[in-house]
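Reviewing the structure listed below.
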Amino acid sequence: MKYRIAVVGGDGIGPEVTREALKVARSAGAVLETQEFELGAAHYEHTGEVLGDETLAELMSFDAILLGAIGPAIGSTTVPSGILERGLLLRLRFALDLYINQRPFLTLDPSVTITHKPVDMVVIRENTEGAYTGEGGLLRKGTAYEVATQGSVNTRNGVERAIRFAFDLAQTRERKLLTLVHKTNVLTYSGDLWYRTFLEVAAEYPAVTTSYNHVDAACIYLVEAPERYDVVVTDNLFGDILTDLAAAVSQGIGYAASANINPARTGPSLFEPVHGAAHDRVGTGQANPYAAIRSAAMMLAFLGETAIATKIEHALTVLPPSGATTAEIGDFYGERVAH
Ligand code: IPM
Ligand code: MN
Numbered sequence: 208m209k210y211r212i213a214v215v216g217g218d219g220i221g222p223e224v225t226r227e228a229l230k231v232a233r234s235a236g237a238v239l240e241t242q243e244f245e246l247g248a249a250h251y252e253h254t255g256e257v258l259g260d261e262t263l264a265e266l267m268s269f270d271a272i273l274l275g276a277i278g279p280a281i282g283s284t285t286v287p288s289g290i291l292e293r294g295l296l297l298r299l300r301f302a303l304d305l306y307i308n309q310r311p312f313l314t315l316d317p318s319v320t321i322t323h324k325p326v327d328m329v330v331i332r333e334n335t336e337g338a339y340t341g342e343g344g345l346l347r348k349g350t351a352y353e354v355a356t357q358g359s360v361n362t363r364n365g366v367e368r369a370i371r372f373a374f375d376l377a378q379t380r381e382r383k384l385l386t387l388v389h390k391t392n393v394l395t396y397s398g399d400l401w402y403r404t405f406l407e408v409a410a411e412y413p414a415v416t417t418s419y420n421h422v423d424a425a426c427i428y429l430v431e432a433p434e435r436y437d438v439v440v441t442d443n444l445f446g447d448i449l450t451d452l453a454a455a456v457s458q459g460i461g462y463a464a465s466a467n468i469n470p471a472r473t474g475p476s477l478f479e480p481v482h483g484a485a486h487d488r489v490g491t492g493q494a495n496p497y498a499a500i501r502s503a504a505m506m507l508a509f510l511g512e513t514a515i516a517t518k519i520e521h522a523l524t525v526l527p528p529s530g531a532t533t534a535e536i537g538d539f540y541g542e543r544v545a546h
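The sequence shown maps to residues 208 to 546 in the working numbering.
Laid out in structure tokens, this is it:
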């Protein structure tokens with residue numbers, strides 16, 4: 208089938224890695240009609256616009272969105288912190304109800320990783336609630352009596368749909384092991400909701416083995432005993448932090464893909480590497496397109512192109528040749544999926 212894909216290359220190495228991702232997807236047989244959208248730090252600097260209502264409405268008409276990276280160069284003073292995060296990335300996640308952030312981690316060669324321990328896990332990060340909703344505010348800003356609050360919003364519906372998705376996924380995997388990660392010993396209100404919901408849903412999935420870890424302990428286990436994890440489900444902020452750690456101890460941030468998905472399919476889902484814009488690598492050939500390629504494979508899988516997605520995922524089980532440039536890595540995987 209042919210799909211209409213909105214491509215947001217974004218900033219820094221974003222356009223370079225999405226180009227390779229599309230190259231590999233097409234080599235594998237995907238039929239994609241793409242339209243590029245100029246969004247991100249550079250676009251904001253030129254136009255003062257982050258994401259207009261019309262652009263958002265237009266994006267909603269696509270089958271999926273493939274995003275590279277968003278963000279100004281480090282030290283840039285033209286884009287205040289939070290403008291692009293809240294106005295673009297989070298706005299898309301919220302407006303499109305991308306309530307699942309699925310992040311797989313797979314060690315391809317433990318001899319070249321930090322811990323030398325193989326990781327094979329998927330984190331299901333709740334993606335529309337928690338500390339990310341923007342609840343809170345500043346009072347008496349700039350005075351000695353200043354107050355800052357930043358709430359964490361957890362709804363039964365939001366928590367349950369993330370947990371259900373994680374159980375469904377765990378059930379399809381060989382180990383069928385699902386771990387809830389939270390901080391129930393301190394966050395006693397939200398932790399109570401997450402833990403209770405987890406136990407209730409677990410009763411419907413007798414084939415899935417469940418466990419629970421506090422988030423601080425999970426950080427140690429990820430480094431010392433990552434084989435404890437198969438599927439992990441957690442809230443938005445814990446998921447953000449834990450997935451950077453999981454990237455670092457598996458193959459590295461250049462290999463970390465993600466799918467921001469709306470399983471109810473009321474609109475397009477968004478696929479993006481976990482890494483940032485890495486402005487210092489622009490044009491050097493030093494940008495690793497692996498995460499973008501894997502994100503594109505996740506996109507094709509979600510669109511129902513199972514055979515093509517599987518072909519790419521299979522090709523991605525080997526590391527690219529060491530020293531290969533961005534385009535060479537794209538060519539390497541492109542050739543592997545072409546036949
Ligand atoms: C991520 C990023 C984003 C997040 C930022 C850029 C808003 O760190 O996708 O993990 O915190 O979710
Ligand atoms: Mn992050």
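Glycine is no exception: its CB is placed at the ideal position from the N, C-alpha and C atoms.
In this text, all values refer to a predicted model and were calculated from it rather than measured experimentally.
Looking at C-beta atoms only, is the number of pairs between the segment 312-322 and the segment 446-458 that lie closer than 8 Å three or more?
-> Counting Cβ pairs under 8 Å, three or more are found: they touch.
Could you pull out every residue in the same chain whose Cβ sits closer than 6 Å to the Cβ of Ala355, ignoring the five residues on either side in sequence?
-> To locate residue 355, count along the sequence shown from 1; it is residue 148. When the five nearest sequence neighbours on each side are left out, the beta carbons in the same chain lying within less than 6 Å of the beta carbon of Ala355 are those of Leu345, in order along the chain.
Proximity test, Val151 beta-carbon vs ligand 1 heavy atom, cut-off 7 Å | With the chain covering 208 to 546 only, the question about residue 151 has no answer from this structure.
Under 8 Å Cβ to Cβ from Tyr402, same chain only, skipping five residues before and after it: list those, please.
-> As a first step, residue 402 is located in the sequence shown; it is residue number 195 there, counting from the start. These residues qualify, in order along the chain: Leu387, His389, Thr391, Tyr419.
In the structure shown, what three-state DSSP assignment does Lys209 receive?
-> Residue numbering aside, residue 209 sits at position 2 when the sequence shown is read from its first letter. In this structure, Lys209 counts as strand in the three-state DSSP scheme.
Pick from Glu535, Arg488, Ile519: whose alpha carbon is nearest that of Asp218?
-> The residue labelled residue 218 in the question sits at position 11 within the sequence shown. Ranked by how close their Cα comes to the Cα of Asp218, the residues Glu535, Arg488, Ile519 have Arg488 in first place.
Compute the minimum distance between the beta carbon of Asp447 and the heavy atoms of ligand 2, and state whether it is under 7 Å.
-> Position 240 of the sequence shown, counting from 1, holds the residue named residue 447. For ligand 2, at least one heavy atom lies less than 7 Å from the Cβ of Asp447.
Going by C-alpha distance, which of Val257, Ala373, Arg363, Pro317 is nearest Val415?
-> As a working note, residue 415 is residue 208 in the sequence shown. The shortest C-alpha separation from Val415 is found at Ala373.
For Gly244, does the three-state DSSP call read helix, strand or coil?
-> Along the sequence shown, read from residue 1 onward, the residue named residue 244 stands at position 37. Reading off the sequence shown, one finds Phe at residue 244, where the question assumed Gly. Of the three classes helix, strand and coil, the one that applies to Phe244 here is coil, per DSSP.
Does the distance from the C-beta atom of Ser502 to that of Leu305 stay below 8 Å?
-> Position 295 of the sequence shown holds residue 502. Position 98 of the sequence shown holds residue 305. Taking 8 Å as the Cβ cut-off, Ser502 and Leu305 do not qualify as a contacting pair.
Can we count Leu296 as close to ligand 1, meaning its CB is less than 7 Å from some heavy atom?
-> Here the question's residue 296 lines up with position 89 in the sequence shown. Yes, Cβ of Leu296 sits closer than 7 Å to a heavy atom of ligand 1.
Run through DSSP, which three-state label would Met267 get?
-> Numbered from its first residue, the sequence shown carries residue 267 at position 60. If DSSP states are grouped into helix, strand and coil, Met267 belongs with coil.
Roughly how far, in whole angstroms, is the beta-carbon of Gly483 from the beta-carbon of Thr532, given that I think they are within contact range, below 8 Å?
-> For this step, residue 483 is matched to residue 276 along the sequence shown. For this step, residue 532 is matched to residue 325 along the sequence shown. That pair is no contact at about 20 Å.
Consider the C-beta atom of Glu292 and the heavy atoms of ligand 1; say whether any pair is separated by less than 7 Å.
-> Within the sequence shown, residue 292 is the residue found at index 85, counting from 1. Yes, Cβ of Glu292 sits closer than 7 Å to a heavy atom of ligand 1.
Is the closest heavy atom of ligand 2 to the C-beta of Asp327 under 7 Å?
-> Numbered from its first residue, the sequence shown carries residue 327 at position 120. No - ligand 2 has no heavy atom lying nearer than 7 Å to the Cβ of Asp327.
Span separating the alpha-carbon of Ala455 from that of Asp442 = Taking the first residue of the sequence shown as position 1, residue 455 is located at position 248. Taking the first residue of the sequence shown as position 1, residue 442 is located at position 235. Answer to the nearest angstrom: the Cα atoms are 20 Å apart.
Reference Gly278, options Val422, Thr417, Ile290, His323, closest by Cα = Position 71 of the sequence shown, counted from the start, is the residue given in the question as residue 278. Restricting attention to Val422, Thr417, Ile290, His323, the CA atom closest to the CA of Gly278 is found in Ile290.
Under the criterion of a Cβ to heavy atom distance below 7 Å, does Asp442 qualify as lining ligand 2?
-> As a first step, residue 442 is located in the sequence shown; it is residue number 235 there, counting from the start. For Asp442, the shortest separation between its Cβ and any heavy atom of ligand 2 does not lie below 7 Å.
Over what stretch of residues does the alpha helix (DSSP H) that includes Gln378 continue unbroken?
-> Residue mapping note: residue 378 aligns to position 171 of the sequence shown, counting from 1. Annotation: the continuous alpha helix (DSSP H) that includes Gln378 extends over 363-379.
Give me the Cβ distance between Val481 and Ala498, rounded to the nearest whole Å; I'm assuming they're in contact under 8 Å.
-> Walking along the sequence shown from the start, residue 481 turns up at place 274. Walking along the sequence shown from the start, residue 498 turns up at place 291. So it is a contact: roughly 6 Å between Cβ atoms.
Say yes only if the C-beta of Asp218 is nearer than 7 Å to one or more non-hydrogen atoms of ligand 2, and no if none qualify.
-> Position 11 of the sequence shown, counting from 1, holds the residue named residue 218. No, the beta carbon of Asp218 sits no closer than 7 Å to any heavy atom of ligand 2.
Pick out the complete alpha helix (DSSP H) segments inside the segment 399-432, 4 residues or longer, and give them in chain order.
-> Considered as a whole, the segment 399-432 harbours 422-431 as its complete alpha helix (DSSP H) runs of no fewer than 4 residues, in chain order.
Are at least three pairs of beta-carbons, each pair with one atom in the segment 503-516 and one in the segment 236-249, less than 8 Å apart?
-> With the cut-off at 8 Å, the segment 503-516 and the segment 236-249 touch.
Cβ neighbours of Thr285 in the same chain (closer than 7 Å, five flanking residues each side left out) = As a position in the sequence shown, residue 285 is number 78, starting the count at 1. Closer than 7 Å at Cβ, skipping near neighbours: Glu252, Pro279.
From Ala471 to Phe301, what does the alpha carbon distance come to, in whole angstroms?
-> As a first step, residue 471 is located in the sequence shown; it is residue number 264 there, counting from the start. As a first step, residue 301 is located in the sequence shown; it is residue number 94 there, counting from the start. So the alpha carbons of these two residues sit roughly 14 Å apart.
Gly275: which of Glu542, Ala463, Thr362 sits nearest, CA to CA?
-> Translated into the one-based positions of the sequence shown, residue 275 becomes position 68. Comparing C-alpha distances from Gly275 to each of Glu542, Ala463, Thr362 shows the shortest one belongs to Ala463.
Considering Asn467, what are the terminal residues of the beta strand (DSSP E) in which it resides?
-> As a working note, residue 467 is residue 260 in the sequence shown. Asn467 -> beta strand (DSSP E) spans 464-468.
Cutoff 7 Å; reference Leu510; Cβ partners in own chain excluding five residues on either side | On the sequence shown, residue 510 is found 303 positions in, with the first residue counted as 1. Cβ neighbours of Leu510 beyond the five flanking positions: Tyr210, Asp270, Ala271.
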